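*Asks:* Numbering (mature numbering (1 follows the signal peptide of the UniProt record, and there is no 0)), first residue to last: -29 to -1, 1 to 301. After the structure tokens below, expect a handful of questions from me.
See below:
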């Protein structure tokens, strides 16, 4: 390790320590931060961010956060890479895809120890496991989306390929509506979609993709330049968000009530949100060691990248340590 690298690492460590001091009460001028969501910011998947904002955790970190909405994880990564946003959201595997395409973006925190997606199967389809999906209609958001990539990996784990099933790209609304109508037999989707489908009276079998393939949860993304030039902002945002995430995990009901009060789309839907938050806690956020919450697992990243390369989703691999950093989670 060179002296320059040691000095840079020490500087970032001191920056994170300074953020921690700020969050315990040290006064600091607020820094403007633009955070770009990959989908509408009111979605239940983004509750940790909304809880952190509502409880003033970003303010305590000296940050004036401006939430904005992008057009999916790939678009967010591009906007972050070119400096149109300081930070953004994607999935833990997003840097694997975009960095191979020349965008200098890496993950700075992952929001959970499990996969964001699950296989959600209509009981009426007659399938109860992945092998039973042969010949069935399965929905994904898009063919360039993690829901699709994770589905391919799950199928492979069961000895199937995309040619053994009928995969349909149906967009976010179709994922729920077509499952309720019976036009799809299954989806590769998230806990809130499953809760919405069950809420409409449809019996489901939910298979965590995490049990079949080491897929990843949501991630906070930053460019190499932002990490180097604004470590205090990155560290402050990560720590505040993780504080919100812990609140959701420890008190899903209270977090649901807060979200229902803050977000007009969920007024009066506390029971639904509590169910969704509980599912996220069990299926996505859970980690074996709470001290590791937010940290990337390099072996998990490698397994995902190896599959993406084998499946032709990417054409070249990136050194694992260029895809993430855990320095802001320490």
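Just so you know, even glycine gets a beta-carbon here, dropped at the ideal spot from N, CA and C. Please read all numbers here as calculations on a predicted model, not as lab measurements.
Apart from the five residues just before and just after residue 174, which ones in its own chain have a Cβ nearer than 6 Å to its Cβ?
*Replies:* The residue you call residue 174 lines up with position 203 of the chain shown. Cβ neighbours of residue 174 beyond the five flanking positions: 94.
*Asks:* Is DSSP giving residue 54 helix, strand or coil here?
*Replies:* Walking along the chain shown from the start, residue 54 turns up at place 83. Three-state DSSP puts residue 54 in coil, outside helix and strand.
*Asks:* Go to residue 78, then tell me how far its beta strand (DSSP E) extends in each direction, as first and last residue.
*Replies:* In the chain shown, counting from the first residue as 1, residue 78 sits at position 107. Run containing residue 78: 76 to 81, per the beta strand (DSSP E) assignment.
*Asks:* Identify every residue that forms a DSSP beta bridge with residue 61.
*Replies:* In the chain shown, the residue the question calls residue 61 occupies position 90. Paired residues: 190.
*Asks:* For the beta strand (DSSP E) containing residue 6, name the first residue and the last one.
*Replies:* Counting from one through the chain shown, the residue named residue 6 turns up at place 35. Here the beta strand (DSSP E) through residue 6 covers 2 to 8.
*Asks:* Just confirm the distance between the C-beta atoms of residue 147 and residue 168, as a whole number of angstroms; I'd bet it's less than 8 Å.
*Replies:* Position 176 of the chain shown, counted from the start, is the residue given in the question as residue 147. Position 197 of the chain shown, counted from the start, is the residue given in the question as residue 168. Going by Cβ atoms, the distance from residue 147 to residue 168 rounds to 6 Å, so yes, they are a contact pair.
*Asks:* What span of residues does the beta strand (DSSP E) with residue 37 cover, start to end?
*Replies:* Counted from its first residue, the chain shown places residue 37 at position 66. Counting along the chain, the beta strand (DSSP E) containing residue 37 begins and ends at 34 to 40.
*Asks:* What three-state label does DSSP hand residue 209 in the structure shown?
*Replies:* The sequence position of residue 209 within the chain shown is 238, counting from 1. Here residue 209 sits in helix by DSSP.
*Asks:* Can residue 91 and residue 165 be called in contact, C-beta distance under 8 Å?
*Replies:* If you number the chain shown from 1, residue 91 lands on position 120. If you number the chain shown from 1, residue 165 lands on position 194. Yes; because the gap between Cβ atoms is below 8 Å, this pair is in contact.
*Asks:* Can you grab the Cα-Cα spacing for the pair residue 135 / residue 100, in whole Å?
*Replies:* By one-based count along the chain shown, residue 135 stands at place 164. By one-based count along the chain shown, residue 100 stands at place 129. One C-alpha to the other measures close to 14 Å.
*Asks:* Where does residue 21 fall in DSSP's three states?
*Replies:* Taking the first residue of the chain shown as position 1, residue 21 is located at position 50. Here residue 21 sits in helix by DSSP.
*Asks:* Beta-carbon separation of residue 188 and residue 73 under 8 Å?
*Replies:* Taking the first residue of the chain shown as position 1, residue 188 is located at position 217. Taking the first residue of the chain shown as position 1, residue 73 is located at position 102. For residue 188 and residue 73, no; Cβs fall outside 8 Å.
*Asks:* Is the Cβ of residue 168 closer than 8 Å to any Cβ of chain D?
*Replies:* Checking the listed chains, one finds no chain D in this structure; it contains a single protein chain.
*Asks:* What residue range does the alpha helix (DSSP H) around residue 272 cover?
*Replies:* One-based indexing of the chain shown puts residue 272 at position 301. Residues 269 to 281.
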